[in-house]
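As structure tokens, the structure follows; a few thoughts come after it.
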DNA sequence: GTAAATGCAAACCGTTTGCTGTACA
DNA sequence: TGTACAGCAAACGGTTTGCATTTAC
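Chains as they are written, first to last, in this note's numbering: chain A, 41 to 187; chain B, 41 to 187.
This is the structure:
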């Protein structure tokens with residue numbers, strides 16, 4: 041859970057407000073610890089506040105992203121997935137092409153490699169997205185092996 | 041340019057047809073050698089065939105992707121970008137957050153690292169998407185250095 | 001009290017689909 | 001000549017926006 045104090049500071053620093061709805065959305069992302077899409081966040085929010093609207097969810101997700109409390113991922117689908125940032129724990133994802141399961145990795149080697157790739161072109165890396173897809177053990181086509 | 045022969049085989053093998061429009065879309069992707077979105081492909085196609093429709097462009101892009109002649113990338117934007125595959129040359133992208141410029145990398149190390157990450161969870165890797173973003177030399181905020 | 005944020009509904013925009021007519025094999 | 005494909009327009013689904021109302025500060 042994010043410290044309430046820090047959260048308040050982050051928000052108020054820009055003359056913006058901590059509303060019931062913003063707390064709710066962030067709470068849902070934090071306790072879920074999954075990669076929820078906006079629709080799912082909306083559904084879960086509705087369970088606790090039946091008056092919240094989908095527009096508020098989208099605006100809040102954009103807002104939380106803007107102040108750095110939430111990350112968005114695409115996963116090759118046509119809609120975004122959101123998660124509360126786990127501070128200074130950059131991580132990467134694998135999606136199973138059959139069952140959709142998502143596995144997370146943490147590996148400093150990825151950032152290291154990214155920096156190395158950028159060196160020769162003098163590029164400054166800010167974000168690194170590594171997204172693998174394939175088959176998990178359960179879904180692997182019979183007879184194939186990790187190639 | 042893809043060999044016409046191979047192209048025909050790839051298409052006909054499934055009882056499907058090589059139409060003027062499919063040739064046109066593939067031509068545009070190959071000569072552009074950029075990462076075009078569907079709208080841009082459509083505009084360029086219209087210049088040479090004023091009767092082609094956007095639906096045909098989308099259907100053709102999906103078709104070319106299906107038979108493996110075209111790749112789609114998201115680049116964190118809300119719409120897809122397409123490119124003709126350069127056979128067995130997997131590559132990765134960097135997007136400048138200010139000017140939008142795209143830089144490509146080729147590095148076998150990425151696939152190597154991906155496989156290593158997947159080993160312990162017994163995952164079979166099929167696709168690897170590495171997408172970096174940050175600032176190019178021209179756009180780098182003044183006074184900052186490659187951290 | 002007064003901006004900022006919400007809720008609702010309508011708009012938006014990239015993409016897909018249904019249908020009828022066209023053209024590749 | 002039969003069937004895959006094209007063109008058009010309408011539908012779709014995720015996301016954004018305009019506006020009146022509410023609420024945090």
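Glycine is no exception: its CB is placed at the ideal position from the N, C-alpha and C atoms.
Please confirm if residue 169 of chain B has its CB atom under 8 angstroms from at least one CB of chain A. yes
Beta-carbon proximity check, residue 97 of chain B vs residue 69 of chain B, cutoff 8 angstroms: no
Check whether the segment 138-147 of chain B and the segment 132-142 of chain A are in contact - that is, three or more C-beta pairs closer than 8 angstroms. no
Measure the beta-carbon distance from residue 171 of chain B to residue 115 of chain B and round it to whole angstroms, keeping in mind my assumption that it falls under 8 angstroms. 7 angstroms
Three-state class that DSSP yields for residue 49 of chain B in the structure shown: helix
Leaving out five residues on either side along the sequence, give the residues of the same chain with a beta carbon under 7 angstroms from the beta carbon of residue 88 of chain A. 64
Please confirm if residue 78 of chain B has its CB atom under 8 angstroms from at least one CB of chain A. no
Output yes if chain B places a C-beta closer than 8 angstroms to the C-beta of residue 122 of chain A; else output no. no
In whole angstroms, give me the CA-to-CA distance for residue 53 of chain B and residue 106 of chain B. 13 angstroms
Between B:91, B:100 and B:60, which lies nearest to residue 77 of chain B when the distance is taken from Cα to Cα? B:100
Taking the alpha helix (DSSP H) that residue 87 of chain B falls in, what are its first and last residues? 78-88
Partners in chain B for residue 154 of chain A, counting only beta-carbon separations shorter than 8 angstroms: 170 and 172
Where the segment 80-114 of chain A meets chain B: residues whose CB sits under 7 angstroms from a CB there: 114
Please determine, among A:79, A:84 and A:60, the residue with the shortest C-alpha to C-alpha distance to residue 203 of chain A. Since the first and last residues shown for chain A are 41 and 187, residue 203 of chain A lies out of range.
Shortest alpha-carbon distance to residue 161 of chain A belongs to which of B:164, B:145 and B:166? B:145
Alpha carbons only, please: which of A:132, A:178, A:174 and A:159 is nearest the one belonging to residue 75 of chain A? A:132
Anticipated Cβ contact below 8 angstroms, residue 153 of chain B with residue 163 of chain A, distance rounded: Incorrect: roughly 19 angstroms between the Cβ atoms, too far for contact.
If we define contact as Cβ-Cβ less than 8 angstroms, is residue 176 of chain B a contact residue for chain A? yes
If the cut is a Cβ gap below 7 angstroms, which residues of chain A does residue 158 of chain B touch? 134 and 172
Taking C-beta pairs closer than 9 angstroms, name the residues in chain B that residue 116 of chain A reaches, listed in chain order. 112, 114, 167 and 169
With burial defined as no fewer than 16 other Cβ atoms inside 10 Å of the residue's Cβ, what is the status of residue 166 of chain B: buried or exposed? exposed
On the CB-based measure, 16 or more other CB atoms within 10 Å of its CB, does residue 48 of chain A come out buried or exposed? exposed
Please state whether the Cβ-Cβ distance between residue 173 of chain A and residue 157 of chain B is less than 8 angstroms. no
Three-state class that DSSP yields for residue 72 of chain A in the structure shown: helix
Quick check: the Cα distance between residue 93 of chain A and residue 108 of chain A, rounded to an integer number of angstroms? 23 angstroms
Excluding the 5 residues flanking residue 121 of chain B on each side, which residues of the same chain have their C-beta closer than 8 angstroms to its C-beta? 75, 76, 77, 112, 113, 114 and 115
Chain-order list of residues whose beta-carbon lies under 6 angstroms from that of residue 56 of chain B (same chain, five-residue window excluded): none
Under 9 angstroms Cβ-Cβ, which residues of chain B neighbour residue 161 of chain A? 134, 143, 145, 176 and 177
For residue 172 of chain B, which three-state DSSP category applies? strand
Answer with buried or exposed for residue 79 of chain B, where buried requires no fewer than 16 other C-beta atoms within 10 angstroms of its C-beta. exposed
With DSSP collapsed to three states, give me the class of residue 139 of chain A. coil
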